[in-house]
Each structure stands twice: as C-alpha cells, then as structure tokens.
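Student:
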Amino acid sequence: MTLSQTGVMARRNLLHVLSDPQQMIGMSVQPLMFLLLFVYVFGGAISGSTRQYLQFVLPGLIVQGIGFGTTQTALGLNADFQRGLIDRFRSLPMARSAVVAGRVTADIARTAWSSLIIVGAAAVLGFRFHGGLPGALGAAGLVLALGVAMCWVMAFLGVWLRSPESVQAAGFMVIMPLTFASSALVPAASMPGWLQAFVKVNPITIFADAMRGLMLGGPVAIPVLQAVAWIVGLSALFGALTVSWYRRRA
Amino acid sequence: MDRPAIRTEGLTKSFCAKRVLSGLDLEIAAGTIFGLLGPNGAGKTTVVRILATLVRPDSGRAYVLGRDVVSQPQRVREVIGLTGQYAAVDNQISARENLYMIGRLLGLRPRAARARSSQLLDAFGLADAAASKVKDYSGGMRRRLDLAASLVGEPGVLFLDEPTTGLDLASRNQLWDMIRDLAADGTAVLLTTQYLEEADRLAGQVMVIDHGVTVAQGSPAELKSLAGGQVLEVRPLRPGDLAAAASVLGKLAGTSRPIPEGGLLTVQVPDEAAVTAAARSLDSAGVPVSHLAVRLPSLDEAFLSITGHHADVCETGAPLEGSAR
Ligand SMILES: Nc1ncnc2c1ncn2[C@@H]1O[C@H](COP(=O)(O)OP(=O)(O)OP(=O)(O)O)[C@@H](O)[C@H]1O
Ligand SMILES: [Mg+2]
Numbered sequence: 009m010t011l012s013q014t015g016v017m018a019r020r021n022l023l024h025v026l027s028d029p030q031q032m033i034g035m036s037v038q039p040l041m042f043l044l045l046f047v048y049v050f051g052g053a054i055s056g057s058t059r060q061y062l063q064f065v066l067p068g069l070i071v072q073g074i075g076f077g078t079t080q081t082a083l084g085l086n087a088d089f090q091r092g093l094i095d096r097f098r099s100l101p102m103a104r105s106a107v108v109a110g111r112v113t114a115d116i117a118r119t120a121w122s123s124l125i126i127v128g129a130a131a132v133l134g135f136r137f138h139g140g141l142p143g144a145l146g147a148a149g150l151v152l153a154l155g156v157a158m159c160w161v162m163a164f165l166g167v168w169l170r171s172p173e174s175v176q177a178a179g180f181m182v183i184m185p186l187t188f189a190s191s192a193l194v195p196a197a198s199m200p201g202w203l204q205a206f207v208k209v210n211p212i213t214i215f216a217d218a219m220r221g222l223m224l225g226g227p228v229a230i231p232v233l234q235a236v237a238w239i240v241g242l243s244a245l246f247g248a249l250t251v252s253w254y255r256r257r258a
Numbered sequence: 310m311d312r313p314a315i316r317t318e319g320l321t322k323s324f325c326a327k328r329v330l331s332g333l334d335l336e337i338a339a340g341t342i343f344g345l346l347g348p349n350g351a352g353k354t355t356v357v358r359i360l361a362t363l364v365r366p367d368s369g370r371a372y373v374l375g376r377d378v379v380s381q382p383q384r385v386r387e388v389i390g391l392t393g394q395y396a397a398v399d400n401q402i403s404a405r406e407n408l409y410m411i412g413r414l415l416g417l418r419p420r421a422a423r424a425r426s427s428q429l430l431d432a433f434g435l436a437d438a439a440a441s442k443v444k445d446y447s448g449g450m451r452r453r454l455d456l457a458a459s460l461v462g463e464p465g466v467l468f469l470d471e472p473t474t475g476l477d478l479a480s481r482n483q484l485w486d487m488i489r490d491l492a493a494d495g496t497a498v499l500l501t502t503q504y505l506e507e508a509d510r511l512a513g514q515v516m517v518i519d520h521g522v523t524v525a526q527g528s529p530a531e532l533k534s535l536a537g538g539q540v541l542e543v544r545p546l547r548p549g550d551l552a553a554a555a556s557v558l559g560k561l562a563g564t565s566r567p568i569p570e571g572g573l574l575t576v577q578v579p580d581e582a583a584v585t586a587a588a589r590s591l592d593s594a595g596v597p598v599s600h601l602a603v604r605l606p607s608l609d610e611a612f613l614s615i616t617g618h619h620a621d622v623c624e625t626g627a628p629l630e631g632s633a634r
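Top line first, the protein sequences correspond to chains A and B. Numbering of the first sequence is given in the numbering used here, commencing with residue 9 and proceeding in unit increments. Numbering of the second sequence is given in the numbering used here, commencing with residue 310 and proceeding in unit increments.
1) Going by DSSP, what residue range makes up the alpha helix (DSSP H) through G352 (chain B)?
2) Would you grab the beta carbon distance between L460 (chain B) and L415 (chain B) for me? Rounded to a whole angstrom, and I think it's under 8 Å.
3) Whose CA, out of B:I518, B:A479, B:H600 and B:L469, lies closest to the CA of A497 (chain B)?
4) Going by CA-CA distance only, name the one from A:T10, A:I74 and A:L186 that's closest to V107 (chain A).
5) Helix, strand or coil for M516 (chain B)? Go by DSSP, reduced to three states.
6) Short of 8 Å in beta carbon distance, which residues of its chain neighbour G572 (chain B), apart from the five on each side in sequence? Order them along the chain.
7) Does DSSP put I337 (chain B) in a helix, in a strand, or in coil?
8) In the structure shown, what three-state DSSP assignment does Y372 (chain B) receive?
9) Which bits of chain B does R20 (chain A) rub up against, with CB to CB less than 8 Å?
10) Any heavy atom of ligand 1 closer than 6 Å to the Cβ of V329 (chain B)?
11) For chain B, check one thing: does any of its Cβ atoms lie closer than 7 Å to the Cβ of Q176 (chain A)?
12) Should K322 (chain B) be counted as a contact of ligand 2 given a C-beta to heavy atom distance under 6 Å?
13) Put T523 (chain B) into one of helix, strand or coil per three-state DSSP.
14) Look at the alpha carbon of A216 (chain A) and the alpha carbon of V175 (chain A), and state the distance between them as a whole number of angstroms.
15) How far does the alpha helix (DSSP H) with L268 (chain B) in it extend, from its first residue to its last?
16) Taking the straight line between their C-alpha atoms, what separation do you get for F50 (chain A) and A120 (chain A)?
17) Applying the 10 Å Cβ sphere with the 16-neighbour rule, what's the burial state of V356 (chain B)?
18) If we count the other Cβ atoms within 10 Å of its Cβ and call it buried at 16 or more, is G166 (chain A) buried or exposed?
19) Which residues of chain A have a Cβ atom closer than 9 Å to the Cβ of A361 (chain B), listed in chain order?
20) Please classify L605 (chain B): does DSSP put it in a helix, a strand, or coil?
21) Using a Cβ cut-off of 7 Å (strictly closer), state whether R386 (chain B) contacts chain A.
22) Specify the secondary structure class of L320 (chain B) as computed by DSSP and reduced to three states.
23) Sorry if obvious, but does the Cβ on G393 (chain B) come closer than 6 Å to a heavy atom of ligand 1?
24) Does the separation of the CB atoms of P382 (chain B) and T362 (chain B) fall below 7 Å?
25) List the residues of chain A whose Cβ lies closer than 8 Å to the Cβ of A458 (chain B), in chain order.
26) Got a sec: does ligand 1 put a non-hydrogen atom nearer than 6 Å to the Cβ of N349 (chain B)?
27) Measuring alpha carbon to alpha carbon, tell me which of A:G241, A:A147, A:G179 and A:L203 ends up nearest A229 (chain A).
28) Can you give me the Cβ contacts of G462 (chain B) inside the same chain, cut-off strictly under 7 Å, excluding the 5 residues immediately before and after it?
29) Go ahead and label K208 (chain A) buried or exposed: buried means 16 or more other beta carbons lie within 10 angstroms of its beta carbon, across all protein chains shown.
30) Report, in whole angstroms, the separation of the C-beta atoms of L23 (chain A) and I402 (chain B), which I expect to be a contact under 8 Å.
31) Output the boundary residues of the beta strand (DSSP E) element that contains Q381 (chain B).
32) Give a yes or no on whether the minimum CB-CB distance between S323 (chain B) and chain A is below 7 Å.
33) Can you tell me which of A:A205, A:M184, A:M219 and A:R96 puts its alpha carbon nearest to the alpha carbon of G139 (chain A)?
34) Less than 7 Å between the beta carbons of V385 (chain B) and V378 (chain B), yes or no?
35) What's the call for M265 (chain A), buried or exposed, on a 16-neighbour Cβ count within 10 Å?
36) If distances are taken between C-alpha atoms only, which option among A:G75, A:M158 and A:Q60 comes closest to I239 (chain A)?
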C-alpha cells in the first residue's frame, strides 16, 4: 500500500518535471554545460591537457551534479507545503511518508538521468573507463545511493525552511562551498594547508574519490567504505529529521 | 435516529497561548447541512481542521461517524472529504491527473481511478478542460475541481470551509445546487461561511461562533427571532432629521442603537407595539417620516446583534444580499 502510494506520488512529481521545460533543460543541458566549461576552460591549466583533466574531473562532476540536482527536492517539497496541497494529502488515509518518499524516488530518477547524460557526453569527448564491469555497476550503485542521501539532506531543507527563496539560497550555500572546497574538481595538493584539512574530511571529497576509484581503477575499498558510511549516516539522520519536521509542520 | 455524523464535546485549542476554541460542542446528523458562521478569526477553520485530523485539539473529544479524530485519525480519513479554505489541488498537472492521483492514493485500482475521475469531471462540468493544467483554470473551475477532489472517495462527511468565497453569483448558485444534491444523497455537510445568505439558503441548522465560543445555535429562522424580536425601519421625510430621529428612537424602551444607512434608520425593537410608541415620540419631537415599518431581522442583523459586530463582508466586495430584505 505504502509502496503504491509512493509510486503515485513519484509519478506526480515526474509529471511536473516532464511538463516543465525549465526543469527539463536544467537536468539535461546544465550538466553538459558544466562538463564543457570545466574541461575546456580549466582543463589545460589544472592538468596540463583537457584529455587528462576530463579523466580526473568526470567522477567529481557527477557528484557535483547530484548535489545541484537535488536542490530541486528541497524546492519541490517546500512548494507542496506552500500550496496547501499538503492538507489534502494529510486528510487522505495514506501513509505519511509517501509524500516525501515519492519526492525522493522521482528525484533519484532525475539524478540518474543527469548522470547518464554527462557520462554519455564525456564518452563522446574521449573519456576512458578503466573500472571494468564491477566498477561500472559500483559507480551506478553509488550514484543512486548518493542521490538518496543528498535527497534527504535537501528534503530536510525543504520542510525546515519556510520560503522558497531561503530554500534556494540555503541549497546553493550548502552545495557550492562543499563541492568547490573538495577534491571533486581540482586536486587538493595546491590548496593552502588549512583548506586541505577541510577538504580531507569533506564528504564530497570522499564521494569523488570513491567514484574515481570505481571509474578509473584506483584504490576502491577504503573510499567506497567511507562513502557508504557517509551515505548511511546522512540518510538516517536527515531522513529522521525530515520526517519529524514534516509531522510537526504538517 | 442513528448516531450523529459529527459530534464534538468541549473542544478547546490554543495557538501560542492564544485561545482559539474554548469548549465547543456540536452535533450534526447524517444527510444534513450544518452552517458554522462567524467573523474572521472566530475559529471556524480551526474546527474544520480538527475534525479533518489536521490539527489536534488541546482537550475535548470529536467523533466523525463514531470514529475518534485523535485516537483513530486514519479511520476518520477513510470517511471524510475536505474542501479547505484555499483550493488544495495540484496546479501543475491536469484536472484528470489530479483526480486520478487521489483515487489511487485512496486505494482504487488504476482502471477504477480513471473511471471515477471521468465521472466526476462530467458531473462538475470540467470534462472539456480535463486535460489542461489546473494553473490555467478560472477561480470557479478550480473550486469545482477542489470539491470534486474531496468527493473521489464518496465520503460520508464533507467539510467545506468557505467554499464560495471569491466566486461569482452564477458559480456560487451552481455550487450550492451541488452541495444540496450531496446532502440529499445522505452526505453530512459541515459548511463554514461568512455569507449569511449562504447559511440561510443551504443549512438546516446554524451555529454562530465568535472567539471560539458558541454565541447562538438553531435553524436560520430561530436565529433570526433570537436576534431580539423585530426590526423597525424609519425614514425621516427630511434627510437632515436623521440624527434627531435617531436620538428619539434611541430613547424608546428596549431598543438597540439605531443604525443609519442611506437615509434609513433601522433599530431592533421587542415587538410591534414599538411602532405606535415610535410614531408618537417622533410626532411630538416634530420629525415627520415618510416610511415606518416593522419586519423580521435578516440573518445579517441577527449576527450583528448576537456577536456585537457585523459579519465581515467578502473580499470580492460583492454586496451581501440580506435574506429578509
Ligand atoms: N497555526 C496557527 N498558528 C497560530 N495561530 C493560528 C493558527 N491557526 C489559526 N490561528 C489563529 O486562530 C484564530 C482562529 O483562526 P481560524 O482560522 O480558525 O478562524 P476562521 O474563523 O476560520 O477565520 P476566517 O474567517 O478568517 O477564515 C485566528 O486568530 C488565527 O490567527
Ligand atoms: Mg477560516
């Protein structure tokens, strides 16, 4: 029952996306834009050649894309609360969790789509995958799991903050520094010491390293384990926070 | 009679130390329309939200078809339909998708949910626009869809919180007919409104609340007689005499403060005998009149005398049609 209700809510959210050109462009064109800009603007300066930088940056860009993509989760949930539609859902004999779970499900599908686009484009630009089949499956699994974790973080922002403007601003202010002050886009070695200390504990670094391990064939076990620990922790913490705030507010 | 569709005992609710409901008792029979009247902030929406399981009361009990709203909220949700004060439909999808979604959330299979939405779209005159996004709808269409959405599960009890606010006269009449039909089919309807005419036209029983307490209850006719007998209307021959006439009438025994409106004074009087007394006093004060009559008060006037202030007129600025004018 709860599962089918979650499906109904996910369907509704996907209908929103499909009928909104702005969101369609956001989830399809924006990742491409980031890929092209980073590779051709910074590539030579950072890695000496765009081809080398493409290898380095793609796993990081996937992680960053998940971060930016899931800000939609926050905005969407927030909008549901604004519109009084939540009263209708709450007056129906349905599972409380289905509204949030449906949103998260739809946004994971959206995240997967954006990741596929960026990987496809990178392959055309000459990205070489060195992870083998286990690496590919692992990377796909990590993308989905990371999507779940980030969705919960963003879902919390969406129900916690009142206005869509503050949700937008908060989402940006969380994702922007976290993705840039990490090893996702640039190797940490050239950064000042204090920043390196932060980069080292930043979960985005860990996710990017895990993705690199899986896609490029580097060290896998430790970064992946650390990433999984972060994903489980973030999902549990923000899942619980979201549901309890949702109950309180709704 | 079997058990009431809605029953509450001593409901109280405060928001941030502000008392919104203080001990509300109500009882609504199946198949009847009950009008809950009150000015802005009286607590009407709060009553509806408690009964629809959206808000917990601080104390007191509330049952919907015998189900406790606090301890069995999910079972209450199985039998209610809610049309809140603000349309609660998804603007970014079509009317058909809205109704289908609710049918599915209520546990209907896809085929049944599709059939039910088509049926409701036809019944509410939305079939032609069924595929358009709701954000392109007019206010009246959105309100009708909102009502349709609360009927997908064929509820036994329907809550309508100011359902016709902001609608034009034609849409309002149309909605009134639909509400009457629902009650005739056995649905109990709790209707909140600021339009006194609406309560008068639709409801068999009316309750007036103010600051969370019941100030009057009964049939619309009883409420009118509760308002203190009758209304005396006086129009001075010379408009300049209005103030003089008001002071004369104000001194008559048992009257309320005269209210001037466009050259006409209305004042509540205990009975017909006041006409003779008024005529005599006005004559001896040298105030000739062109019109002197008594009538039953309108619900609007009853409201004023019960709560001590006027019912707030709708935001649209449409004039209220007093029922007894
Ligand atoms: N969630 C809330 N938090 C704080 N105060 C609230 C809340 N809900 C209602 N109130 C207050 O409770 C009082 C009663 O509100 P309610 O919405 O029940 O009135 P109403 O009779 O429906 O008024 P209206 O005709 O304006 O719709 C108001 O003073 C309102 O400010
Ligand atoms: Mg209200």
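We put the CB at the ideal spot given by N, CA and C, even for glycine. The structure displayed is predicted, hence computed values, not measured ones.
Tutor: Concretely, from the data shown:
1) From DSSP, G352 (chain B) is part of no alpha helix (DSSP H); its letter is neither H nor E.
2) 11 Å between Cβ atoms; not a contact.
3) Residue B:L469 is the option with its Cα nearest to A497 (chain B).
4) A:T10
5) strand
6) For G572 (chain B), where only same-chain residues beyond five positions count, the Cβ hits under 8 Å are R544, P545, P548 and L551.
7) strand
8) strand
9) D399, I402, E406 and M410
10) For V329 (chain B), the shortest separation between its Cβ and any heavy atom of ligand 1 lies below 6 Å.
11) no
12) Checking the 6 Å criterion, the Cβ of K322 (chain B) is out of range of every heavy atom belonging to ligand 2.
13) strand
14) 25 Å
15) Limits of chain B in this structure are 310 at one end and 634 at the other, which puts residue 268 (chain B) out of reach.
16) 26 Å
17) Buried.
18) buried
19) D95, R98 and S99
20) coil
21) For R386 (chain B), a Cβ of chain A is located within less than 7 Å of the residue's own Cβ.
22) Residue state, collapsed to three classes: strand.
23) no
24) yes
25) Neighbours of A458 (chain B) on chain A, chain order: R96.
26) yes
27) A:A147
28) Result list for G462 (chain B): G390 and L415, in chain order.
29) exposed
30) 5 Å
31) No beta strand (DSSP E) contains Q381 (chain B), which DSSP labels as neither H nor E.
32) no
33) A:M219
34) Cβ distance < 7 Å, so V385 (chain B) and V378 (chain B) count as in contact.
35) In the structure displayed, chain A extends from 9 to 258; residue 265 (chain A) sits before or after that span and is not available.
36) Between I239 (chain A) and the set A:G75, A:M158 and A:Q60, the nearest pair of CA atoms involves A:M158.
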